[in-house]
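Numbering of the first sequence is given in UniProt numbering, commencing with residue 1 and proceeding in unit increments.
Just so it is clear, CB atoms sit at the ideal spot from N, CA and C, and this is done for glycine as well.
Quick caveat, the model's predicted, so the values are computed rather than measured.
This report refers to the structure that appears directly beneath it.
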Amino acid sequence: MQQLEQTLKAALGAAIQQVFGQEVPASQLTLQPTRKDFAGQFTLVTFPFTKTLGKGPEQIGQAIGEWLVANTPQVSGYNVVKGFLNLEVADAEWVNVFGQLRQTPAGTPVPTGGPQNVVVEYSSPNTNKPLHLGHLRNNFLGYSVAEILKATGATVTKANLVNDRGIHICKSMLAYLQYGQGETPQSAGIKGDHLAGKYYVLFEKHYREQVRQLEAEGVLPDVAKRQAPMMLEAQDMLRQWEAGDEAVVSLWRQMNGWVYEGFDATYKSIGVDFDKYYYESGTYLLGKERVEEGLQKGVFFKKEDGSVWVDLKEEGLDEKLLLRADGTSVYITQDLGTAELKYQDFHYDLSVYVIADEQNYHMQVLKAVLKKLGKPYADAIYHLSYGMVDLPSGKMKSREGTVVDADELVREVVDAAKAATLEKGKTEGLTEQEADQLYHMLGLGALKYYLLKVDPKKRMLFNPEESVSLEGHTGPFIQYSHARISAIRRKAAELGIAEDADLTSITELHTTERELVQELARYAAVVAEAARTQSPAVVAQYAYDVAKAYNRVYTEVEIFREADAAKKAFRVALSAQTAQAIKASMGLLGIQVPERM
RNA sequence: GGUUGCAUAGCUCAAUUGGAUAGAGCAUCUGACUACGAAUCAGAAGGUUUAAGGUUCGACUCCUUAUGCGACCA
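Here's what the structure looks like:
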């Protein structure tokens with residue numbers, strides 16, 4: 001397709017040169033797909049040329065169209081509507097495009113000239129709670145963006161920065177010491193991350209009770225919040241941790257260990273993975289060194305109380321705290337350390353942070369601070385800022401208990417897929433284990449597609465019923481289309497019809513076939529676009545368009561009942577390429593596709 | 001208070017980055033299985049793109065202002 005477009009653009013340039021005697025830079029010759037209601041496949045907008053060529057838009061279109069039909073074999077016809085010149089490309093040429101497509105099927109790397117060495121950091125959980133719906137959007141986005149960048153030929157490292165230290169985990173630890181009675185994930189029969197979450201909730205409950213009591217005794221609300229005994233104890237515990245207190249550190253190790261087991265199970269279940277783990281407990285000290293470096297270089301300053309700040313007013317930001325007066329670190333301190341470590345490890349030319357848009361300011365600060373420090377890698381940092389997920393009832397709030405748990409949600413979508421498959425699936429012959437894998441594949445396909453089809457930058461609404469839907473613009477619709485094609489290919493194999501059909505005798509196509517070929521030919525452009533904008537939504541839309549186009553072919557033309565053997569073989573080949581495009585693009589989303597369902 | 005993002009069919013989302021009559025899905029209504037898989041396909045209906053100005057051959061897209069919702073910084 002790119003070749004065809006190049007040819008057409010060159011021809012357009014030549015046409016203008018010949019007819020009007022003027023040079024038009026190739027960059028101004030942009031072709032766009034012709035709208036469905038008009039004949040043709042490529043459209044040139046002629047309005048922009050009226051000034052330089054001194055003619056009306058229709059006249060220009062007519063003249064160029066006429067010249068092209070006469071002089072360019074690929075152009076079989078044209079029509080002009082106002083300032084739009086629609087070019088019709090002969091079916092034989094589209095068959096040609098299909099032939100080229102088979103040489104580099106969907107899934108072969110698409111070089112774009114973009115970054116070659118990339119780190120994508122995503123997931124990045126806190127260790128005091130299990131993962132929830134918001135993390136799922138993050139995980140699916142991060143995994144998918146990494147795969148998309150890989151598809152452009154880049155070397156990509158998936159990194160997970162675990163927030164394993166700080167006051168939050170101390171809260172869970174404290175509540176566990178007070179109420180846990182030696183409970184373990186094994187003894188309680190719950191996943192480790194959920195166990196830690198249970199004690200975090202317990203902490204909050206008892207802490208709030210203490211605050212309420214203090215307030216009842218006449219203490220002012222902010223003071224009560226700061227001076228409630230449990231809060232003081234948690235802070236004390238954090239200091240002990242920083243001091244390396246053995247009992248505290250060993251409890252910390254134990255509870256985090258449980259949490260990691262739980263996370264691993266969830267990651268495995270949702271099909272995401274990491275090449276490298278970072279732990280904030282291992283980077284915050286390095287961050288403190290960077291702060292010291294900034295002080296020495298004179299780009300940071302110390303206030304009277306001993307706290308360290310950076311002035312970012314010139315960058316349009318504000319003054320920002322980098323180290324507390326007592327010398328303990330804040331979020332940004334450890335982020336400075338992690339950024340440094342990542343660069344030492346990978347020397348990336350692009351470092352993506354998949355983080356919700358509530359941290360836009362924080363990420364601007366991080367980048368600005370690294371620039372102040374003169375770090376060469378500052379410019380390579382890119383914040384993939386995604387919108388938060390809302391529920392029909394509004395925002396997710398842990399205090400109101402409206403947080404959607406990831407493990408539970410996965411269970412629900414898999415159950416829904418199972419119920420639907422038992423009702424209308426074609427799964428006879430599958431072992432029980434294969435069937436379970438299928439339900440998992442379909443349930444997760446529904447969930448992932450639902451979360452990925454929306455532009456990452458935009459806030460989105462999570463509707464539980466729609467997320468398990470299998471019809472319309474959904475993952476299972478696309479998975480179904482693949483399973484359907486698989487059935488075709490099985491039958492073709494039985495009949496001994498090869499998938500590498502000879503195309504020489506194919507000179508005309510059904511409209512739906514031509515449209516499908518056009519879709520298939522877009523794959524490389526779609527991958528490039530998705531990589532450029534770091535948007536899996538682009539790929540999601542493409543997979544849907546391909547499936548939709550195939551389903552139209554499927555109802556409009558016959559495959560095995562076709563009398564013409566060459567056409568029959570062509571349609572089998574077309575089916576095989578479609579399956580490949582669906583599998584490859586869904587793969588970029590982290591969604592698997594079944595052979596039957 | 002300061003900074004910033006968003007607003008498109010009843011609902012959830014698109015719109016090739018300034019191009020034609022703004023497109024899909026869900027929901028509603030109507031058709032298509034004795035067939036290669038109906039988790040499908042075809043069709044109907046649904047819009048003053050929050051409002052008012054501006055820029056130009058052309059604006060959902062860019063610029064003002066207003067309204068509403070959100071986030072962040074104290």
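Cβ-based burial, residue i [other Cβ within 10 Å; buried from 16]
i: residue 514; result: buried
i: residue 35; result: exposed
i: residue 147; result: buried
i: residue 401; result: exposed
i: residue 71; result: exposed
i: residue 12; result: buried
i: residue 140; result: buried
i: residue 433; result: exposed
i: residue 347; result: exposed
i: residue 53; result: buried
i: residue 481; result: buried
i: residue 17; result: exposed
i: residue 280; result: buried
i: residue 290; result: buried
Whole-angstrom distance between residue j and residue i, CA atom to CA atom
i: residue 448; j: residue 337; result: 32 Å
i: residue 265; j: residue 407; result: 9 Å
i: residue 548; j: residue 510; result: 16 Å
i: residue 508; j: residue 4; result: 18 Å
i: residue 212; j: residue 173; result: 22 Å
i: residue 301; j: residue 370; result: 15 Å
i: residue 215; j: residue 221; result: 6 Å
i: residue 586; j: residue 157; result: 20 Å
i: residue 259; j: residue 237; result: 19 Å
i: residue 29; j: residue 14; result: 11 Å
i: residue 544; j: residue 551; result: 11 Å
i: residue 99; j: residue 2; result: 13 Å
i: residue 145; j: residue 113; result: 17 Å
i: residue 379; j: residue 117; result: 14 Å
i: residue 431; j: residue 425; result: 14 Å
i: residue 41; j: residue 383; result: 37 Å
i: residue 192; j: residue 233; result: 23 Å
i: residue 500; j: residue 25; result: 40 Å
i: residue 135; j: residue 123; result: 6 Å
i: residue 579; j: residue 267; result: 27 Å
i: residue 570; j: residue 505; result: 10 Å
i: residue 269; j: residue 194; result: 16 Å
Cut-off 6 Å between Cβ atoms - residues of its own chain near residue i, not counting five sequence neighbours on either side
i: residue 319; result: 309 and 311
i: residue 598; result: Past the boundaries of the shown model lies residue 598; the chain is included only from 1 to 597, so the question cannot be answered.
i: residue 251; result: 173
i: residue 143; result: 272 and 590
i: residue 168; result: 126 and 128
i: residue 607; result: This structure gives no information on residue 607, because the portion of the chain shown stretches from 1 to 597.
i: residue 363; result: 383
Beta-carbon proximity list for residue i, same chain, < 7 Å, skipping 5 on both sides
i: residue 439; result: 414, 417, 418 and 421
i: residue 467; result: 413, 446, 447 and 450
i: residue 634; result: No statement about residue 634 is possible, as the shown extent of the chain runs from 1 to 597 and does not include it.
i: residue 111; result: 152 and 153
i: residue 230; result: 174, 203, 206, 207 and 210
i: residue 581; result: 106, 520, 523 and 546
i: residue 442; result: 417, 421, 476, 479 and 597
i: residue 457; result: 385, 386 and 387
i: residue 435; result: 427
i: residue 47; result: 57 and 83
Same chain, Cβ closer than 8 Å to residue i, five either side skipped, listed in chain order
i: residue 284; result: 165, 329, 333, 334 and 337
i: residue 554; result: 484
Cβ-heavy atom distance, residue i to the ligand PLP, below 6 Å
i: residue 67; result: For the ligand PLP, the structure offers nothing, since it holds no ligand at all.
Cross-strand partners of residue i (DSSP beta bridge)
i: residue 356; result: 386
i: residue 405; result: 132
i: residue 108; result: 106
i: residue 332; result: According to DSSP, which records beta bridges pairwise, residue 332 is partnered with nothing at all.
i: residue 394; result: 391
i: residue 276; result: 159
i: residue 351; result: 119 and 381
field: Any alpha helix (DSSP H) of 4 or more consecutive residues that is wholly inside the UniProt domain "DALR anticodon binding" (478-597)
entry: 511-521, 523-533, 536-556 and 565-588
- prompt: What runs of the alpha helix (DSSP H), each 4 residues or longer, lie entirely inside the segment 115-196?
  reply: 133-151, 167-179 and 185-188
task: Would you list, in sequence order, the uninterrupted alpha helix (DSSP H) runs of no fewer than 4 residues that lie entirely inside the UniProt domain "Arginyl tRNA synthetase N-terminal" (6-89)?
output: 50-53 and 57-71
message: If we require 3 or more residues per run, which beta strand (DSSP E) segments fall completely within the segment 294-330?
response: 300-302, 308-311 and 319-323
Any alpha helix (DSSP H) of 4 or more consecutive residues that is wholly inside the segment 446-471: Counting whole runs of 4 or more residues, the segment 446-471 contains the alpha helix (DSSP H) stretches 464-467.
message: For a minimum of 3 consecutive residues, which ranges assigned as the beta strand (DSSP E) are wholly contained in the segment 240-289?
response: 276-279
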